[in-house]
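In my numbering, the protein residues as written are 64 to 779. Data first, discussion second: the structure below is written as structure tokens.
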Amino acid sequence: MQCFLSLGKVVHKLSEVDLDWFGRVKLIDCICNLVLLHPQIGQTMIERLFLMLKDMDYRVRLFLARRIGVLFQTWDGHEELFQDICLNFGVQMVVYSKGKVIDAKEVLAAGPQPQPIMETVVVTLMHLALQSEKIELEAVFMICVISAIDPCHRELVSMVLNNISRELQYMNRMKYLEELFGSIIFCWVACGVNLAALVETRHLFLPDAEPDHFLQYCCPWLLPALLINENSSDLNWVAKVTCQPLTVLIKNHFTSIFSISMALHCSKKPGSEKGTLVLQSSILHFAQISEKERDKLIKRHMVSIVSCVLSLCSCSSNAIAPFFSRETVLLEIQTIVDGFLDLDDNHASASVVDKINIFRPDRVFMFLVEIHFKIAAASHYRHKCHRLAGIEVLISILGQRASVLSTSNYLFNLMGSLIECHALQDQCCRILSALLLHFKNNLSAEATSMLGEQLQFLVSKLVECCIPSKTKESYDSTASQALSLLRILTVDSDSSMYDYVKELEPFPELRIFDEISKFHEELCHTYSIRGHLLKFVKKSCYLPPRFLLSSLQALHKKLMNVEAFQRGGEAEVYFKDKYWHGDHEIVHAVWKLFHMCGSDDANEARELVSDFISRVGAGDPYSVVFHLPGEISHIRLGKSTDISRAMEVSSDSDVCISEELLVVLMRILMKYLMDDSVKIVDMASQTLRGILSTERGQSALQSFDSYQKSLIEVIV
């Protein structure tokens, strides 16, 4: 401690010396390092650091811009830190933050700002946006407004935004700004920045767009913002530029206007009365409709409104409009769906009664696909988490209806793919916990089959969450949640799940898994590697890629364990290898695995399949090379046996495919409902919807069991 005090005094004395530009750069470095080493002592130097934001030398300001993020790594209260930094820039800027708003009139009245200082401000704001998601929006908004007010900064602003998008793993600037666009528009209107300037900077958001097309792109956010801020002159200007009557514009964008205004009304925050005014008066006036016509529009667009409201959800309890907290979004949907119904006084749960059947399983599937698209579009976890908040709200709204097979199947798969990201693990665990709770109360044979198919995939992801890594050495709260979920899926699971639990790969030899490992080993006393293999091969054609690989890996590890045990106990029996080469059913099953190796993403699977095939040929290697085991006609390399047989049956038909081939096609499409890509999921669901809308499709559906039917009937 004494050492740091002495070091602090030395740095403090240096700050009082008249240093050249290089000396001041070194001073910045010293202060930032001191902040990292001992924040309490470093804090006494922050004021000196802030003074150098106005340094006369560009090189000093630029170096400080790159290092000032250290403050955000060290202390909480990022909003307050950000405001302090903005105050110390020494220039007038448009600001929209939770604590302070400086509108465009004040800035324009102050006159032009020094160009070199403003360039450093833009670069500093870029580094701050990258350092903290808490002030990212405010920083990016300020960067965009600087571009709007002073055209000479537009090239620099484009490069800065390109850099932010690249650092946050977005394909381009436009994809990145899509995540913030609604909030930027609301801040723009609230600060009174000229809309013509917004159109002039349209290349930042939508390249090669004409002014009218760009404003149409803005309308879902711009119209609600203008109505809430009672800006009638700008509303008329938008109508003029887009060459559409204002009444038509309002009606065309009724869904977003109503959704955002209703959310503001339900927020009960200062300014919520503006949302009420739009709902009761402004929307009627500008759209030239009566209350009765407004209510008809609400009923007509109810499903779209619910979908839009879910997209307004934010993880933040104090989100900037047009985004709102989970609690506000939940209350809004309850009010919209159940608000006009005579509910019992004792209905106090978060779920909706939904007498008008908005949350039918097919519509819930549609909501999930739409949210999934938004999750996929958000490349960085700081934006994905807000999309996941919409799923949290949806599960709360659904209540027990979340256990509907098509809904829970989609959600288990989606959470399993997202839980790999450490920053999202807490949310994913909460969602999985809520799903499993509903599941436990609605257990059925179909539900067991659905969860059983995903069990290995989910368990492997949860195990990873529990294992300390180099960056996460301690056992944190997320690991505790993940371990609790593992217990629910194994030790505390229903006995109907035990056959699936047996097939899990062995758990890591860590103390935290002791109880689960012991339970798993006890179940495995009745485990059969032969039965596991035959069962896996039977369903392998229709497993989604990620389930296929995780199941194959688990099977291979189980085989390694069995062999290790046999080597130790009965080596002579093991090396005779009768178990593999002498069992024709096993031989045939292993060769059926060959179809896995055809896909582009099957590298890991190929290695495992080749090991299985080598065991089949053990004792007579020529049988692998020259004589495929089993009946040749039944083994079509690169194709599913079922597809080959169905194609043979249908080859005589010149008119249409056979029902058998249609069934096989539908089964394969079902597999793609669980694909990694939401685009593939959407295409598969649309194709199934088209098939099931026909008489032959409905006839083919009768070949499916009740579990399979429940997964795809909601597509229609």
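Ideal Cβ placement from N, Cα and C applies to all residues, glycine included. If you're wondering where the values come from, they're calculated on a predicted model, not measured in any experiment.
Host alpha helix (DSSP H) of residue i (start-end)
i	result
methionine 237	236-253
isoleucine 434	424-440
asparagine 299	295-305
alanine 654	Per the sequence presented here, residue 654 reads as tryptophan, with alanine not at that position. Tryptophan 654 -> alpha helix (DSSP H) spans 647-655.
phenylalanine 317	317-330
glycine 753	741-755
asparagine 225	217-230
tryptophan 284	274-291
glutamate 143	141-150
tyrosine 590	Segment: none, tyrosine 590 is in no alpha helix (DSSP H) and carries neither H nor E.
threonine 553	Here threonine 553 belongs to no alpha helix (DSSP H), and DSSP marks it neither H nor E.
glycine 338	335-340
Cβ-Cβ distance between residue i and residue j below 9 Å
i	j	result
valine 311	cysteine 282	no
glutamine 463	serine 414	yes
isoleucine 247	phenylalanine 204	yes
leucine 258	tryptophan 251	yes
leucine 342	histidine 364	no
leucine 725	arginine 678	no
aspartate 577	histidine 619	no
glutamate 433	serine 370	yes
methionine 119	leucine 90	no
alanine 260	isoleucine 212	yes
cysteine 484	alanine 545	no
lysine 197	glutamate 110	no
glycine 105	isoleucine 94	yes
aspartate 739	serine 480	yes
arginine 450	serine 374	yes
threonine 541	glutamine 488	yes
Which of helix, strand or coil DSSP assigns to residue i
i	result
tyrosine 159	strand
tyrosine 637	Residue confidence is low: tyrosine 637 scores 37 on pLDDT, short of 50, so the model does not pin down where it sits. No coordinate-derived value is stated.
valine 80	coil
valine 467	coil
valine 164	strand
cysteine 604	coil
phenylalanine 767	coil
cysteine 378	coil
phenylalanine 582	helix
phenylalanine 387	strand
threonine 183	helix
isoleucine 530	coil
histidine 449	helix
asparagine 409	Reliability fails at asparagine 409, whose pLDDT of 46 lies under 50, so the model's placement of it is uncertain and the value that follows must be treated cautiously. In this structure, asparagine 409 counts as coil in the three-state DSSP scheme.
histidine 101	coil
tyrosine 735	helix
asparagine 96	helix
threonine 107	helix
glycine 515	helix
proline 214	helix
Cβ separation of residue i and residue j, assumed to be a contact under 8 Å, to the nearest whole Å
i	j	result
leucine 278	isoleucine 313	Wrong, their Cβ atoms sit about 14 Å apart, outside the cutoff.
cysteine 378	cysteine 448	5 Å
serine 330	phenylalanine 387	6 Å
leucine 495	methionine 478	5 Å
valine 392	valine 372	6 Å
phenylalanine 145	glutamate 201	7 Å
glutamine 517	phenylalanine 475	5 Å
aspartate 92	arginine 130	7 Å
proline 270	methionine 234	With a Cβ gap of about 13 Å, proline 270 and methionine 234 do not count as contacting.
alanine 192	phenylalanine 249	18 Å between Cβ atoms; not a contact.
asparagine 315	alanine 253	With 8 Å as the limit, asparagine 315 and alanine 253 do not qualify as a contact, their Cβ atoms being about 24 Å apart.
lysine 621	histidine 595	7 Å
(message) Does the contact criterion of 3 or more C-beta pairs under 8 Å hold for the stretch 732-741 versus the stretch 604-611?
(response) Result yes; three or more Cβ-Cβ pairs closer than 8 Å.
(request) Assess, as a yes-or-no matter, whether the stretch 610-619 is touched by the stretch 543-557 under the definition of 3 or more beta carbon pairs within less than 8 Å. (result) The count of Cβ pairs closer than 8 Å, one atom from the stretch 543-557 and one from the stretch 610-619, stays below three, leaving the stretches out of contact.
(request) Would you check if the stretch 109-126 and the stretch 175-186 touch, i.e. whether three or more CB-CB distances between them fall below 8 Å? (result) Between the stretch 175-186 and the stretch 109-126 there are three or more C-beta pairs closer than 8 Å, enough to call the two in contact.
(message) Whether or not the stretch 143-162 and the stretch 197-216 are in contact is what I'm after, with contact meaning three or more pairs of Cβ atoms, one per stretch, closer than 8 Å; do they touch?
(response) Three or more pairs of CB atoms, one per stretch, sit closer than 8 Å, so the stretch 197-216 contacts the stretch 143-162.
(message) For the pair the stretch 340-355 and the stretch 428-441, tell me if three or more CB-CB distances fall below 8 Å.
(response) At 8 Å Cβ cutoff, the stretches do not touch.
(message) Below 8 Å, how does it come out for the stretch 494-501 and the stretch 462-481: are there three or more Cβ pairs, yes or no?
(response) Pairwise C-beta distances place the stretch 494-501 in contact with the stretch 462-481, as three or more of them are shorter than 8 Å.
(message) With three or more beta-carbon pairs closer than 8 Å as the criterion, would you say the stretch 183-199 touches the stretch 219-239?
(response) Under the 8 Å Cβ criterion, the stretch 183-199 counts as touching the stretch 219-239, having at least three qualifying pairs.
(request) Check whether the stretch 762-779 touches the stretch 507-524, taking contact to mean three or more Cβ pairs, one atom from each stretch, closer than 8 Å. (result) Enough Cβ pairs lie closer than 8 Å, so yes.
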